[in-house]
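K.L.:
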Amino acid sequence: MTLFDVISTHYKRTIPKSKPISFAHYGAFCFNRDQFLFAPKALAAHGHVLTMMVADSSSVQNLYITHHRWLHELLRRRLSNAFDAADLAHDTFMRVLKRPQVFDCETRERSYLATIARGLCIDHWRRRQLEQAWLETLAARPQAVQPSPEQRAIIVETLYEVDAMLLRLPKRVRDAFILAQLHGLPYRTIAEEIGVCERMVKKYLAQALMHCALLEAELDGLLIE
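Residue numbers (full-length UniProt numbering): 1 to 225.
See below:
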């Protein structure tokens, strides 16, 4: 049994079809099984950040000096973890560096920072839930076939990238893909489930698979930005 099979089997076992579809219903179900353990390009995606918005670095620095302690405390209360709070506070200011804004008062500055931090918290919690689902699957595997720590990190990052990609799809496209790939339902049943004709189901699946192929190429480093 391959790693792909283990993860797919886990989700099929733990997610009844009758329950509402959510991000926990899917993992990397569409990629070539032999290419599942590829190093995500996203791990190196931050390398270009420091070359962007250089002219605005001084204003971001002032924003950091003024609000970092407040933001860290806000995140610490929300996450109940000072280390995670420090990481997300850093990531918040990196986002600001990429998309600098000008405000006329500290209240609006803090509102902007809090909005970015809130989105990062949601991403953080989603990643943790995906990682927990993967660890539960991993615990059921024989010790002899356990992946290395490096492979575990790659797998979790890949699951997160797939999850994020699927969440960007229109709801019906995402639902059709999950019902077909995860639950193995025929087109007619999927059409009845989501309230469209079979022709639209085929269109939705083609759209989802195209995004899967683009993500696979990106994670394999084949796309040139």
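Where is the CB? At the ideal position from N, CA and C, for every residue including glycine.
Report all residues from its chain with a CB closer than 7 Å to the CB of Y187; omit the five preceding and five following residues, and keep chain order.
P.N.:
Same-chain partners within the cutoff: E198, V201 and K202.
K.L.:
Assuming S111 is part of the alpha helix (DSSP H), what are its boundary residues?
P.N.:
From DSSP, the alpha helix (DSSP H) with S111 extends over E106 to A139.
K.L.:
Is F83 buried or exposed, if buried means 16 or more other CB atoms sit within 10 Å of its CB?
P.N.:
The residue in question, F83, is exposed, as its Cβ has fewer than 16 Cβ neighbours within 10 Å.
K.L.:
Excluding five sequence neighbours on each side, which residues of the same chain lie with their C-beta closer than 7 Å to the C-beta of L120?
P.N.:
Excluding residues within five positions, the ones whose Cβ falls inside 7 Å are L88, D91 and T92.
K.L.:
Using 8 Å as the threshold, is the C-beta distance between W134 and L159 below it?
P.N.:
Yes, they are a contact pair.
K.L.:
Could you give the residue range of the alpha helix (DSSP H) that holds C212?
P.N.:
Here the alpha helix (DSSP H) through C212 covers E198 to L219.
K.L.:
Please report how far the alpha carbon of L37 lies from the alpha carbon of S148, in whole angstroms.
P.N.:
Confidence at L37 is low in this model, with a pLDDT of 30, below 50, so its placement is unreliable and no value can be given for it.
K.L.:
When the Cα atoms are used, what is the spatial distance from L219 to E193?
P.N.:
Near 32 Å, if we compare the C-alpha coordinates of E193 and L219.
K.L.:
Considering Cα atoms alone, identify which of R69, T66 and V60 is closest to K98.
P.N.:
Closest option to K98, Cα to Cα, is V60.
K.L.:
My guess is that Y204 and A176 are in contact by the Cβ rule of under 8 Å, so how many angstroms apart are they, rounded?
P.N.:
With 8 Å as the limit, Y204 and A176 qualify as a contact, their Cβ atoms being about 4 Å apart.
K.L.:
With a 10 Å radius around its C-beta and 16 neighbouring C-beta atoms as the bar for buried, classify R141 as buried or exposed.
P.N.:
When all chains shown are included, R141 counts as exposed.
K.L.:
Tell me the residue span of the alpha helix (DSSP H) that contains H183.
P.N.:
Where H183 is concerned, there is no enclosing alpha helix (DSSP H), given that its DSSP letter is neither H nor E.
K.L.:
L209: which of G195, Q181 and V196 sits nearest, CA to CA?
P.N.:
It is Q181 whose Cα lies nearest to the Cα of L209.
K.L.:
Just to confirm, are V96 and I122 a CB contact at a threshold of 8 Å?
P.N.:
No.
K.L.:
My output table needs one value for L169: the three-state DSSP class, helix, strand or coil.
P.N.:
Of the three classes helix, strand and coil, the one that applies to L169 here is coil, per DSSP.
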